[in-house]
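Chains as they are written, first to last, in our numbering: chain A, 255 to 577; chain B, 33 to 371; chain C, 36 to 183.
From the three backbone atoms N, C-alpha and C, an ideal C-beta is built for every residue, glycine too.
Comments concern the structure below.
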């Protein structure tokens with residue numbers, strides 16, 4: 255696939271269809287891949303990579319890239335196309351300046367999961383028939399491919415590209431995923447159990463803001479949490495309240511716009527399952543206001559930007575379920 | 033050297049925690065390691081690094097400096113400092129052990145930071161030699177020997193026993209306090225293990241990385257390098273690298289209005305943030321390129337220029353593992369280096 | 036939170052009231068000399084949809100034990116549709132608070148018109164009792180703001 259993508263990019267550059275290419279650049283190890291912009295065939299040959307570790311969603315970079323002169327080629331995985339489409343809907347990207355090539359997506363791998371198995375000194379990782387052969391400084395190791403898959407890929411919602419100019423490989427379908435299972439499990443716990451679960455998780459937060467900054471839906475020029483005049487800006491989780499507030503508001507500000515791309519949990523250095531907060535909002539929106547998938551199209555109104563006269567009352571939260 | 037059998041570690045921890053607060057790295061449910069206050073039954077993590085570094089013990093993420101209470105026109109200033117208890121941090125890796133030397137240069141230089149010094153005086157650092165370094169390790173680049181860590185005292189494991197030796201008076205006091213559990217041991221097997229570790233260190237992918245071409249004398253060359261644009265273009269501007277870093281020491285001081293008083297606190301700050309060092313006229317570094325450059329220039333050029341060539345990095349590899357977009361000091365050094 | 040002489044817990048309740056209906060409703064409750072607890076601190080807002088989720092959280096941070104949001108009845112909004120948006124937002128916010136294990140009875144939305152002084156008083160009495168049963172807010176409080 256990587257080879258075909260490089261050729262495609264070279265051809266589009268040579269034909270003058272695009273001026274730049276946004277993709278992924280090889281790192282020092284097998285897994286430390288950085289999103290990067292390429293401008294020449296030499297650069298592409300030298301370091302362009304597309305493999306099991308290229309999980310980063312590049313659509314957010316297009317907010318800036320599409321505002322520059324010329325046209326940029328973006329290779330988007332199915333989940334990335336949802337993020338991009340949502341940005342189109344919100345007029346955050348200049349659609350005409352982006353040439354999208356849809357590419358097959360994951361499942362992508364999580365280096366942390368390999369390391370969690372005690373495998374260290376990783377030199378190379380090869381996928382042989384869904385067994386990972388890992389060469390390390392301490393010798394050869396192996397583990398099943400699916401045990402190292404990123405959480406966001408393990409509950410993939412769709413293999414379909416919702417926006418593209420050109421498609422490489424075959425188009426997939428929207429999947430019947432299990433993504434709400436964990437949310438449901440939490441809903442069925444008692445309030446005390448849920449409280450304890452989230453305290454344990456959110457108390458790990460170091461407030462690095464990676465979840466916010468990586469999020470393709472978080473594109474405000476100035477975040478409310480970066481504004482000292484707002485009175486709520488704070489750089490550190492000085493109190494459990496701050497931890498709760500930051501994460502509630504972070505999730506709330508993207509409610510109805512979050513496409514569930516899972517980047518927030520992928521980048522969290524403390525492995526907090528932040529996507530569960532976003533999924534809770536998605537699940538509620540589906541239940542209260544009808545099925546809605548953000549990014550699926552570029553025209554529909556977001557659930558929090560519209561209403562129906564017969565919407566349920568807010569107190570439904572108090573009435574449903576058991577404590 | 034004095035030693036204790038590895039299966040008696042529990043007894044060792046019990047003995048230490050009987051007189052002092054003890055912190056050890058332990059495995060969390062999600063597989064990552066973190067320092068926790070020792071409680072009976074807790075197991076020492078075999079992980080190489082904790083997610084958060086050991087700097088938290090001397091330079092916590094948030095810390096209350098002073099409280100103000102207003103009563104009419106009177107303002108009462110309350111010193112909220114509590115005398116720190118004596119504590120022991122056990123199992124600090126060689127990289128983190130060196131990071132304290134770097135932090136000391138910042139906080140113990142005049143004017144001395146009394147909050148930091150207070151903790152430093154009360155804390156004993158017991159380091160632990162590495163036997164299984166990871167691919168992300170490059171402490172050797174900064175002259176650190178992972179098989180012979182610094183700290184007030186150091187421990188070495190040969191797979192059967194834990195050997196302990198003191199590096200200074202504080203370390204000796206620590207060993208004296210647990211002397212009844214220790215006995216003299218033969219270090220021949222330990223020497224083999226250490227030699228093996230040093231062999232592995234040489235084989236690591238980043239073993240050849242050097243700081244030879246970095247330091248204060250190439251300031252303009254590096255500052256004006258045209259590589260910064262490319263290096264910083266994918267930076268998200270989050271604070272992950274800074275917050276997991278054992279040597280990043282920037283902080284912000286803020287007032288928090290509690291509704292019935294003011295708490296003045298300080299918290300870690302990150303040069304990657306848009307409001308870092310914001311002043312009345314605005315922000316001195318307007319683009320992510322400038323912020324990104326600041327972080328690496330500080331570690332590789334400004335810090336050694338001001339501190340007799342000591343670099344502001346210890347090669348622990350946390351930023352290599354944790355950066356959301358995998359951009360890190362190693363990639364910067366390799367891209368930037370002018371021979 | 037306050038504790039009176041009988042050591043009975045007196046919750047602190049913040050009520051956001053829209054200018055056009057609920058605030059007038061509270062006024063009417065006053066002119067009609069209807070009793071409602073003095074634990075209620077009313078904050079007047081131009082429309083219920085002025086209330087940002089952060090307002091609710093900030094109220095809890097600063098010591099509220101319960102937060103109630105009152106606006107015009109659906110269809111009666113002075114600005115035509117503000118309260119419809121409020122309804123969606125608060126439904127999701129309350130559900131999220133519940134998801135995080137924060138007692139669900141600490142938050143409520145009620146529609147009170149300018150003519151419903153009696154409903155305002157009754158709602159406040161009932162809500163205060165409900166929050167009283169829950170006790171002081173501990174799960175969403177900021178310890179720094181707690182009065183010693």
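Check your understanding: How big is the Cα-Cα spacing for residue 60 of chain C and residue 82 of chain C?
Key -> 14 Å
Review point. Do the segment 41-51 of chain C and the segment 97-109 of chain C touch if we need at least three Cβ pairs shorter than 8 Å?
Key: yes
Check your understanding: What residue range is occupied by the uninterrupted alpha helix (DSSP H) comprising residue 235 of chain B?
Key -> 220-235
Check your understanding: Candidates A:490, A:504, A:531 and A:289: which alpha carbon is nearest residue 478 of chain A's?
Key -> A:504
Practice item. Measure the C-alpha to C-alpha separation of residue 17 of chain B and residue 205 of chain B and round it to an integer number of angstroms. Key: The shown model of chain B, from 33 to 371, leaves out residue 17 of chain B, and the question about it has no answer.
Check your understanding: What is the residue span of the alpha helix (DSSP H) that residue 347 of chain A lies within?
Key -> Per DSSP, residue 347 of chain A belongs to no alpha helix (DSSP H) and is neither H nor E.
Practice item. Have a look at the DSSP bridge pairing and note the partners of residue 353 of chain A. Key: A:327
Review point. So is residue 523 of chain A buried or exposed if we call it buried at 16+ other beta carbons inside 10 Å?
Key: buried
Practice item. In angstroms with no decimal places, state the Cα-to-Cα distance between residue 371 of chain B and residue 135 of chain B. Key: 29 Å
Practice item. Leaving aside the five residues before and after residue 387 of chain A along the sequence, list all residues of the same chain whose C-beta is less than 6 Å from its C-beta, in chain order. Key: 380 and 396
Review point. What is the rounded straight-line gap between the Cα of residue 384 of chain A and the Cα of residue 316 of chain A?
Key: 33 Å
Check your understanding: Which of helix, strand or coil does DSSP assign to residue 576 of chain A?
Key -> Any reading at residue 576 of chain A needs caution, since the residue's pLDDT is 46, under 50, leaving its predicted position unreliable; the model's value is listed next. In this structure, residue 576 of chain A counts as coil in the three-state DSSP scheme.
**Study point:** Proximity test, Cβ basis, 9 Å: residue 133 of chain C and chain A
**Key:** yes
Check your understanding: Does the beta carbon of residue 86 of chain C come closer than 9 Å to any beta carbon on chain A?
Key -> no
Point to revise | Cβ-heavy atom distance, residue 33 of chain B to the ligand ADP, below 8 Å | key: Among the components of this structure there are no ligands whatsoever, and the ligand ADP is therefore not found.
Check your understanding: Would residue 170 of chain C count as contacting chain B if we go by Cβ distances under 9 Å?
Key -> no
Practice item. Consider the Cβ of residue 76 of chain B: report whether some Cβ of chain A lies at a distance smaller than 9 Å. Key: no
**Study point:** Alpha-carbon to alpha-carbon, residue 444 of chain A and residue 577 of chain A
**Key:** At residue 577 of chain A the pLDDT is 46, less than 50, meaning the model places this residue with poor confidence; the figure from the coordinates comes in the next sentence. Cα to Cα, residue 577 of chain A sits roughly 5 Å from residue 444 of chain A.
Review point. Below 8 Å, can you find three or more Cβ-Cβ pairs linking the segment 122-129 of chain C to the segment 352-360 of chain B?
Key: no
Check your understanding: Since residue 80 of chain B meets chain A, which of its residues come closer than 8 Å, beta carbon to beta carbon?
Key -> 374
Point to revise | Cutoff 9 Å: residue 100 of chain C Cβ touching any chain B Cβ | key: no
Check your understanding: For residue 337 of chain A, which residues of its own chain have a beta-carbon under 8 Å away from its beta-carbon, when the five flanking residues on both sides are left out?
Key -> 311, 313, 314, 470, 471, 513, 515 and 549
Review point. Counting along the chain, where does the beta strand (DSSP E) carrying residue 284 of chain B start and finish?
Key: 283-289
Exercise for review: Below 8 Å on the Cβ atoms is my guess for residue 558 of chain A versus residue 492 of chain A; work out the distance and round it to an integer in Å.
Suggested key: 30 Å between Cβ atoms; not a contact.
Review point. When burial is assigned at 16 or more other CB atoms within 10 Å of the CB, is residue 69 of chain B buried or exposed?
Key: exposed
Check your understanding: Shortest alpha-carbon distance to residue 67 of chain B belongs to which of A:458, A:476, A:485 and A:517?
Key -> A:458
Review point. Counting Cβ pairs, one atom from each stretch, are 3 or more of them under 8 Å apart for the segment 167-184 of chain B and the segment 233-242 of chain B?
Key: yes
**Study point:** Amino acids of chain C, ordered along the chain, whose beta-carbon sits closer than 8 Å to that of residue 561 of chain A
**Key:** 116, 119, 120, 122 and 123
Review point. Across which residues does DSSP place residue 188 of chain B in a beta bridge pair?
Key: B:195
Practice item. Can you pull the chain C residues whose beta carbon is under 8 Å from the beta carbon of residue 291 of chain B, in chain order? Key: 97, 98 and 180
Point to revise | Cross-strand partners of residue 84 of chain B (DSSP beta bridge) | key: Bridge partners of residue 84 of chain B: none, in fact.
Review point. Per the contact definition of three or more C-beta pairs closer than 8 Å, is the segment 35-47 of chain B in contact with the segment 213-229 of chain B?
Key: yes
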